[in-house]
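Colleague: Dropping a structure here in structure tokens format, bear with me for questions.
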Amino acid sequence: MKKYNIITYGCQMNEHDSENIAGMLDSMNYIYTDNPLEADLVVMNTCSIREHADKRFFGMLGQFKNIKKNNRDFILCICGCMPQQDRIVEEIKNSFSWVDIIFGTHTIGEFPNLLKKRLETGKKQISIVGDSSKICTFENTRRLFKHKALVNITYGCNNFCTYCIVPYTRGREKSRSLDDVVREIKSLSEDGVIEVTLLGQNVNSFKDINGNDFSDLIREVNKIDRIKRIRFMTSHPKDISDNLIECYRDCEKLCKHIHLPVQSGNNEILRRMNRHYDVDRYKEIILKLRKVCPDIAISTDIIVGFPGESDDEFKDTLDLIKEVQFDSAFTFIYSPRPGTPAADFDNQIPDKIKHERFDRLTEIVNESSLRKNKMLENKIVPVLVDGKSKRNNKMWTGRSEDFKLINFFSKRENLTGEIVPVLIDEAKTFSLDGREDIS
Ligand code: SAH
Ligand code: SF4
Ligand code: F3S
1024 MKKYNIITYG
1034 CQMNEHDSEN
1044 IAGMLDSMNY
1054 IYTDNPLEAD
1064 LVVMNTCSIR
1074 EHADKRFFGM
1084 LGQFKNIKKN
1094 NRDFILCICG
1104 CMPQQDRIVE
1114 EIKNSFSWVD
1124 IIFGTHTIGE
1134 FPNLLKKRLE
1144 TGKKQISIVG
1154 DSSKICTFEN
1164 TRRLFKHKAL
1174 VNITYGCNNF
1184 CTYCIVPYTR
1194 GREKSRSLDD
1204 VVREIKSLSE
1214 DGVIEVTLLG
1224 QNVNSFKDIN
1234 GNDFSDLIRE
1244 VNKIDRIKRI
1254 RFMTSHPKDI
1264 SDNLIECYRD
1274 CEKLCKHIHL
1284 PVQSGNNEIL
1294 RRMNRHYDVD
1304 RYKEIILKLR
1314 KVCPDIAIST
1324 DIIVGFPGES
1334 DDEFKDTLDL
1344 IKEVQFDSAF
1354 TFIYSPRPGT
1364 PAADFDNQIP
1374 DKIKHERFDR
1384 LTEIVNESSL
1394 RKNKMLENKI
1404 VPVLVDGKSK
1414 RNNKMWTGRS
1424 EDFKLINFFS
1434 KRENLTGEIV
1444 PVLIDEAKTF
1454 SLDGREDIS
């Protein structure tokens, strides 16, 4: 039997696409291996969000040349956000002739056919379309976890933040129907899933053909018996409605966490990023959320070194972080993406300044994370267990409701998929340590 491996870069959208691609290969009688070097077929599911991602990808692509040389039957497939850009497809065709199959974010469903054709003809197969109004759902999915699942609710993005490549790689925003999503989650729950993450680039702009919005969807999912936890990724501040905020009061299964990217703490920068909210509006949302759900954890994304960002404008971001007290933040150095408006803006910030700002930002974000985590010391928190900790195999690892990474000791075995009460002994910046509470 032939073996396959999938290398996944980027966001949870890609992670979920990879689960679907794995499902297709399983039903074509391929066997999964976690070692790409012993695989007969490798799929690279790519991301293009920052330049660093491009570089890593081409580096990796180069490494497959020798494998292909030694094994002419080896098949290399490229998919994801990179081939949605013509310049990348040209570069692969010109400089990496050993790639066998290229497909895009709208043609995942064609993969089994492309593979069959490649095996029959020995010829390179390419199928990419710029955009697609069709929503594909898949029969077989090889989920990474039995107890939790990623569920797409929207595809694509219409926001065109001036720095971002996603609207060009994922196309226009489309929502699935509420009924369809609920049907999928019910079926997952019958299969043992107790936590779902509703996925989209901007989940809170979900609007289905019957006029249901995102809060309607959460309320429906909340009614599904065996589902214990509901999460979502990612929400956009401009589309946070009072109805959604009220879900944190009314829906007991909605986890007390929101990832709400702010990007910058300065109004002029937010305007030039095309974000459609200002700092006061962002702070107002946080206040409202904390009013209905006082212990809600708030995480965010921040970009430093956006074109034209002055030192004072950057300091506004630091001030916002100090004021809001985020539980955690993903911090990024602005990376110009060819084809996006901001890549052509004047006053690109020199690398040295970007890095200095990044270091100052990280320090303040980390202080805030540690302070927030310390508040959990000596408390008992329910943790949904994902498995043994990779760092210390005597410990278990999982997430609290507020999305903190918890590592803990227990005298029991086989805890994966269980919700376990954990007494927190020590808070660190990126995780917390504890032990199962048996009192
Ligand atoms: N749809 C999500 C985010 C998707 S990309 C949202 O709008 O919130 C994840 C994060 O990557 C973004 O929030 C942003 O902070 C960062 N990002 C996107 N493009 C970037 C770029 N060109 N340079 C640096 N960071 C970027
Ligand atoms: Fe990119 Fe903005 Fe869309 Fe998020 S909302 S995916 S940052 S364009
Ligand atoms: Fe990357 Fe595409 Fe996701 S660019 S972040 S994999 S939508």
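Residue numbers (the numbering used here): 1024 to 1462. We treat Cβ as the ideally placed atom computed from N, Cα and C, and that holds for glycine.
To the nearest angstrom, how far is the alpha carbon of Arg1079 from that of Ser1071?
Modeller: What you label residue 1079 is simply residue 56 of the sequence shown in a count that begins at 1. What you label residue 1071 is simply residue 48 of the sequence shown in a count that begins at 1. Arg1079 and Ser1071: Cα-Cα distance of roughly 10 Å.
Colleague: To the nearest angstrom, how far is the alpha carbon of Asn1227 from that of Ile1241?
Modeller: Looking up residue 1227 in the sequence shown gives position 204. Looking up residue 1241 in the sequence shown gives position 218. The alpha-carbon atoms of Asn1227 and Ile1241 are separated by roughly 10 Å.
Colleague: Using only the heavy atoms of the ligand SF4, determine whether one of them is closer than 8 Å to the beta carbon of Cys1070.
Modeller: To locate residue 1070, count along the sequence shown from 1; it is residue 47. Outside the cutoff, so no.
Colleague: Hey, which unbroken runs of the alpha helix (DSSP H) at 4 residues or more fall wholly within the segment 1405 to 1457?
Modeller: Here no run is fully enclosed.
Colleague: Could you compute how far the alpha carbon of Lys1279 sits from the alpha carbon of Phe1183?
Modeller: Counted from its first residue, the sequence shown places residue 1279 at position 256. Counted from its first residue, the sequence shown places residue 1183 at position 160. Computed Cα separation, rounded: 29 Å.
Colleague: On the three-pair Cβ rule with 8 Å, is the segment 1429 to 1443 touching the segment 1398 to 1418?
Modeller: The segment 1429 to 1443, when compared against the segment 1398 to 1418, does touch it at the 8 Å Cβ threshold.
Colleague: Quick check: does the Cβ of Ile1188 come within less than 8 Å of any heavy atom belonging to the ligand F3S?
Modeller: Locating residue 1188 in the sequence shown gives position 165, counting from the first residue. Flag set: Cβ of Ile1188 near the ligand F3S.
Colleague: So Ile1319 is in the beta strand (DSSP E); what residue range does that whole segment cover?
Modeller: Working through the sequence shown from its first residue, we reach residue 1319 at position 296. From DSSP, Ile1319 is part of no beta strand (DSSP E); its letter is neither H nor E.
Colleague: The alpha helix (DSSP H) with Glu1074 in it runs from where to where?
Modeller: Taking the sequence shown and counting its residues from 1, the one referred to as residue 1074 is at position 51. Run containing Glu1074: Glu1074 to Asn1093, per the alpha helix (DSSP H) assignment.
Colleague: At a cut-off of 8 Å, is Cys1104 close to the ligand F3S when judged by its beta-carbon and the heavy atoms of the ligand?
Modeller: For this step, residue 1104 is matched to residue 81 along the sequence shown. Answer for Cys1104: yes, Cβ within range of the ligand F3S.
Colleague: For Gly1103, which beta-bridge partners are listed by DSSP?
Modeller: The residue given as residue 1103 occupies position 80 in the sequence shown. Paired residue(s): Thr1069.
Colleague: Just curious, the alpha helix (DSSP H) that Leu1201 is in, first and last residue?
Modeller: In the sequence shown, counting from the first residue as 1, residue 1201 sits at position 178. Run containing Leu1201: Leu1201 to Glu1213, per the alpha helix (DSSP H) assignment.
Colleague: Quick one: is Asp1350 buried, meaning 16 or more other Cβ sit within 10 Å of its Cβ, or exposed?
Modeller: In the sequence shown, the residue the question calls residue 1350 occupies position 327. Buried, because 16 or more other Cβ atoms sit within 10 Å of the Cβ of Asp1350.
Colleague: Got a sec? Which residues, its chain only, sit under 7 Å from Asn1235 by beta carbon, not counting five neighbours each side?
Modeller: Looking up residue 1235 in the sequence shown gives position 212. If we look at Asn1235 and ignore the five residues flanking it on each side, its Cβ neighbours are Leu1201.
Colleague: Should Asn1182 be listed as close to the ligand SAH, given that the test is whether its C-beta is under 8 Å from any heavy atom?
Modeller: The residue labelled residue 1182 in the question sits at position 159 within the sequence shown. Yes - the ligand SAH has a heavy atom lying nearer than 8 Å to the Cβ of Asn1182.
Colleague: How about Tyr1027 and Thr1069: do their beta carbons lie closer than 9 Å?
Modeller: On the sequence shown, position 4 is the one that residue 1027 refers to. On the sequence shown, position 46 is the one that residue 1069 refers to. For Tyr1027 and Thr1069, no; Cβs fall outside 9 Å.
Colleague: Is the beta carbon of Leu1393 closer than 9 Å to that of Ser1466?
Modeller: Limits of the chain in this structure are 1024 at one end and 1462 at the other, which puts residue 1466 out of reach.
Colleague: How many Å lie between Phe1229 and Thr1177 at the Cα?
Modeller: Numbered from 1 along the sequence shown, position 206 holds the residue referred to as residue 1229. Numbered from 1 along the sequence shown, position 154 holds the residue referred to as residue 1177. Rounded to whole angstroms, Phe1229 to Thr1177 spans 6 Å at the Cα level.
Colleague: Give every residue of the same chain whose Cβ lies closer than 8 Å to the Cβ of Ser1041, excluding the five residues on either side of it in the sequence, and list them in chain order.
Modeller: Walking along the sequence shown from the start, residue 1041 turns up at place 18. Ile1029, Thr1031, Val1066 and Asn1068.
Colleague: Per DSSP, which residues does Phe1255 bridge with? Please list them.
Modeller: Locating residue 1255 in the sequence shown gives position 232, where the first residue counts as 1. Answer by DSSP bridge pairing, in chain order: Leu1221.
Colleague: Taking Tyr1027 as part of the beta strand (DSSP E), name the residues at either end of that continuous run.
Modeller: For this step, residue 1027 is matched to residue 4 along the sequence shown. Start and end: Lys1026 to Thr1031.
Colleague: In terms of alpha-carbon separation, which member of Phe1087, Gln1108 and Asp1382 lies closest to Leu1099?
Modeller: The residue given as residue 1099 occupies position 76 in the sequence shown. Closest by alpha carbon: Phe1087.
Colleague: How is the alpha helix (DSSP H) around Ile1396 delimited, first residue to last?
Modeller: Position 373 of the sequence shown, counted from the start, is the residue given in the question as residue 1396. Just to set this straight, residue 1396 is Asn in the shown sequence, not Ile. Element bounds for Asn1396: Asp1374 to Lys1397.
Colleague: Grab the span of the alpha helix (DSSP H) containing Gln1035 for me, first residue to last.
Modeller: Counting from 1 along the sequence shown, the entry for residue 1035 is found at position 12. From DSSP, the alpha helix (DSSP H) with Gln1035 extends over Gln1035 to Ser1050.
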